[in-house]
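Numbering (UniProt numbering), first residue to last: 1 to 179.
Take a look at the structure below.
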């Protein structure tokens, strides 16, 4: 099975990373979870550690093994890099090469053969903003596959596009990407 890096960002949909982690693990994949600091406001690293059976990385500067540089070595071991949910902030950082946290630093250091999937989740207005749309197009040009968000009643009370794709769609996209 595959070595999957699951990057969780600061979106209300971050709680769904628990289900994604659980389902991928049940399918036999090794799941290593990376979180932005903002993601930890929505779901704890301990939850994802319990489901993945691996330590969760949040702090870019906390090196677990002195002879390795985590954000470099993670990419060397990965078959697939999944950002779910992908906030507007992280999408912008990825599109412009920012490397200020474990998620963005790892993404920037990924070898070209690692498959990259992004599942945006945010408010409709944020999603539809030209800057976000341009950033998504830029990421496509970098080889990211985008799983479109779905239309739903969002956490903010707005109705529209921006809800994280269903877990089933995310899992299907991963399986198709790996085969």
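All C-beta atoms in this analysis are idealised placements derived from N, C-alpha and C, irrespective of residue type, glycine included.
Everything numeric in this text was worked out from a predicted model, so none of it was measured.
Simplified DSSP state of residue i, which is helix, strand or coil
{"i": "residue 162", "result": "strand"}
{"i": "residue 53", "result": "coil"}
{"i": "residue 3", "result": "strand"}
{"i": "residue 80", "result": "strand"}
{"i": "residue 95", "result": "helix"}
{"i": "residue 64", "result": "coil"}
{"i": "residue 88", "result": "helix"}
{"i": "residue 35", "result": "strand"}
{"i": "residue 234", "result": "Residue numbering for the chain in the displayed model covers 1 to 179; residue 234 lies beyond these limits and cannot be assessed."}
{"i": "residue 110", "result": "coil"}
{"i": "residue 121", "result": "coil"}
{"i": "residue 152", "result": "strand"}
Bridge partner(s) assigned by DSSP for residue i
{"i": "residue 144", "result": "116"}
{"i": "residue 30", "result": "3"}
{"i": "residue 8", "result": "35"}
{"i": "residue 187", "result": "Outside the shown range of the chain (1 to 179) lies residue 187, about which nothing can therefore be said."}
Residue i: CB within 6 Å of a non-hydrogen atom of the ligand GTP
{"i": "residue 106", "result": "Among the components of this structure there are no ligands whatsoever, and the ligand GTP is therefore not found."}
8 Å contact criterion, which residue i and residue j should meet: CB distance rounded
{"i": "residue 114", "j": "residue 73", "result": "So it is not a contact: roughly 13 Å between Cβ atoms."}
{"i": "residue 140", "j": "residue 147", "result": "Between residue 147 and residue 140 the Cβ distance is about 12 Å, and since that is not below 8 Å, they are no contact."}
{"i": "residue 117", "j": "residue 82", "result": "5 Å"}
{"i": "residue 162", "j": "residue 123", "result": "6 Å"}
{"i": "residue 51", "j": "residue 22", "result": "5 Å"}
{"i": "residue 110", "j": "residue 97", "result": "12 Å between Cβ atoms; not a contact."}
Own chain residues within Cβ distance below 7 Å of residue i, not counting five before or after
{"i": "residue 12", "result": "42, 155"}
{"i": "residue 60", "result": "71, 101, 102, 105"}
{"i": "residue 19", "result": "167"}
Buried versus exposed call for residue i [16 or more other C-beta atoms within 10 Å across all chains shown]
{"i": "residue 180", "result": "Absent from the model: residue 180. The displayed extent of the chain is 1 to 179, so no value can be given."}
{"i": "residue 76", "result": "exposed"}
{"i": "residue 125", "result": "exposed"}
{"i": "residue 142", "result": "exposed"}
{"i": "residue 14", "result": "buried"}
{"i": "residue 95", "result": "buried"}
{"i": "residue 55", "result": "exposed"}
Closer than 7 Å to chain B by CB, residue i
{"i": "residue 83", "result": "In the structure shown, chain B does not exist; there is a single protein chain."}
Contacts around residue i, its chain only, beta-carbon distance under 6 Å, and the 5 residues preceding and following it disregarded
{"i": "residue 3", "result": "30, 77, 78, 79"}
Contact set for residue i: own chain, Cβ-Cβ below 8 Å, skip 5 residues either direction
{"i": "residue 25", "result": "31, 51, 52, 53"}
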